[in-house]
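Position 235 (the sequence shown) corresponds to 379 in my numbering; numbering is contiguous. Every residue, glycine too, gets a C-beta built ideally from N, C-alpha and C. Treat the numbers as computed from the prediction; the structure is a model and nothing was measured.
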Amino acid sequence: MYTRRTVIVGFLLLSGLSLVGMPETLSQARGASLIEIIFPLLLDSDDQVCVDADKDGYFEQDNCGQAAVDCDDGDPEVYPGAQERCDDKDNDCDAEIDEEGATGCTTYYLDNDNDGYGTSGSGRCLCAPSGGYTSTQDGDCNDSEAAVNPGASEDCDDGIDNDCDGKQDEQDSDCSQCLDPSYNDTCANTTYLGTIREVDGEVTLTATIYPQDDVDYFRFEAEEGTSGCIPFMDQDLTVRIRLTPPQGADCRDYDLHLYDEQCSSLESSQGAACDEEVIIYTWDGMCGMDDSRYFRVAVEPWAGAFSCTSYTIVIDMWEE
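Next comes the structure, spelled out in structure tokens:
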């Protein structure tokens with residue numbers, strides 16, 4: 145609160161009173177604040193000087209009739225109760241700089257795996273990244289795995305929602321080229337390949353294994369034909385099935401199984417990973433009576449051995 149003498153001296157100074165004739169201490173301090181020079185000389189020791197240099201309505205001294213003092217009386221944007229801003233200043237004089245929620249803050253999300261995407265709902269409005277709150281993008285559905293985030297590409301055969309769109313593998317539109325038609329997933333539901341005859345040579349089929357525990361079933365007829373046939377005489381008939389799995393980076397482990405028309409198992413080939421699987425099966429026939437037969441073949445991947453890459457089956461009538 146200003147004293148009576150404070151008001152009088154202030155008026156004189158603002159009226160342009162010259163310092164000529166003033167005490168030597170005053171004339172030597174022309175560059176100093178007039179208030180700072182004159183007040184101590186004219187006021188009693190019990191008088192309080194209240195200065196508001198930046199005209200923001202707050203004094204930098206105590207006991208001036210206000211609950212808090214101006215912590216920077218040279219900046220009109222800094223005073224008790226001011227709006228905190230992201231400007232490296234303690235705008236509201238609470239001994240904190242650039243607090244959460246300050247004007248101009250940015251929403252940062254907790255990004256534990258440092259993949260550039262934070263956990264939804266974890267946002268804090270900060271003036272700068274702090275601690276684990278470093279990402280301005282949210283939507284990470286697994287913040288402990290850097291390969292999983294909204295900007296990732298969907299891996300169509302790992303059983304994981306890589307791009308955080310709520311869909312996995314073949315359910316994801318990004319994997320439309322790898323959607324399993326599912327019409328040949330059981331021995332009762334097969335893809336028919338046609339008839340394999342001795343005189344026709346081999347028949348080659350190219351197909352694809354899909355994600356999600358897919359097993360592909362095929363059905364074909366093997367026919368020896370009548371060449372060299374003596375009616376009603378026994379003869380051995382042999383069919384050969386070969387499976388060539390995907391090669392290179394997509395080479396996985398596939399097994400080959402042969403079934404009869406009733407889906408009873410006849411033979412299997414379970415070689416090492418990436419090896420060609422081969423089944424050679426011989427049955428007894430009677431020329432002119434049962435010199436043809438239907439078979440069913442299954443191509444099955446080992447657990448996790450999904451590829452979405454083409455494999456090849458070759459079927460023929462075979463003689464040593």
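Requested in this report: Would you grab the beta carbon distance between PHE439 and TYR403 for me? Rounded to a whole angstrom, and I think it's under 8 Å.
Outcome: For the purposes of this step, residue 439 is taken as residue 295 along the sequence shown, with counting starting at 1. For the purposes of this step, residue 403 is taken as residue 259 along the sequence shown, with counting starting at 1. Yes, they are in contact, since the Cβ atoms of PHE439 and TYR403 sit about 7 Å apart, within 8 Å.
Query raised in the report: Just checking, does the region 266-282 make contact with the region 301-313 on the three C-beta pairs under 8 Å criterion?
Result: no
Query raised in the report: With 16 as the cutoff for other CB atoms within 10 Å, does PRO445 come out buried or exposed?
Result: Here residue 445 corresponds to residue number 301 of the sequence shown, with the count starting at 1. Buried is the call here.
Report task. Can you tell me which of ASP234, CYS208 and LYS199 puts its alpha carbon nearest to the alpha carbon of CYS215? Result -> As a first step, residue 215 must be located in the sequence shown, where it is residue number 71. Taking only the C-alpha atoms, the option nearest CYS215 is ASP234.
Query - Option in TYR277, SER274, THR278 and ASP307 with minimal Cα separation from GLU289 - result: Translated into positions along the sequence shown, residue 289 becomes position 145. With distances taken between Cα atoms, GLU289 lies closest to ASP307.
Report task. Name, in chain order, the residues that DSSP records as bridge partners for GLU382. Result -> Position 238 of the sequence shown, counted from the first residue, corresponds to residue 382. Residue identity differs from the one stated: residue 382 is Thr in this sequence, not Glu. Paired residues: THR426.
Query raised in the report: Looking at ASP255 and VAL222, is the spacing between their C-beta atoms short of 9 Å?
Result: As a working note, residue 222 is residue 78 in the sequence shown. As a working note, residue 255 is residue 111 in the sequence shown. Result no, Cβ atoms of VAL222 and ASP255 do not sit closer than 9 Å.
Query raised in the report: Which first and last residues belong to the beta strand (DSSP E) in which CYS269 is found?
Result: Taking the sequence shown and counting its residues from 1, one reaches residue 269 at position 125. It spans 268-270 - the beta strand (DSSP E) in which CYS269 sits, taken as one unbroken run.
Query raised in the report: Does the region 415-425 come close enough to the region 328-343 that 3 or more CB-CB pairs lie under 8 Å?
Result: no
Query - Sheet register partners of ASP460 (DSSP bridge) - result: Position 316 of the sequence shown holds residue 460. Under DSSP, the beta-bridge partners assigned to ASP460 are ARG384.
Query raised in the report: In whole angstroms, what is the alpha-carbon distance linking PHE364 and SER264?
Result: Locating residue 364 in the sequence shown gives position 220, counting from the first residue. Locating residue 264 in the sequence shown gives position 120, counting from the first residue. PHE364 and SER264: Cα-Cα distance of roughly 53 Å.
Report task. Pick out the complete beta strand (DSSP E) segments inside the region 258-309, 3 residues or longer, and give them in chain order. Result -> 268-270 and 277-279
Query - Buried or exposed (CB count within 10 angstroms, at least 16 for buried), ILE262 - result: Locating residue 262 in the sequence shown gives position 118, where the first residue counts as 1. Per the sequence presented here, residue 262 reads as Gly, with Ile not at that position. Per the 10 Å Cβ criterion, buried.
Requested in this report: Pull up the DSSP beta-bridge partners for THR247, would you.
Outcome: Counting from 1 along the sequence shown, the entry for residue 247 is found at position 103. For THR247, which the question treats as bridged, DSSP gives the partners ARG229.
Query raised in the report: Out of curiosity, what's the CA-to-CA distance linking GLU367 and THR456?
Result: By 1-based counting over the sequence shown, the position of residue 367 is 223. By 1-based counting over the sequence shown, the position of residue 456 is 312. Straight-line Cα distance between these residues: approximately 22 Å.
Query raised in the report: According to DSSP, is GLU240 helix, strand or coil?
Result: Reading the sequence shown from its first residue, position 96 is the one you call residue 240. Coil, per DSSP.
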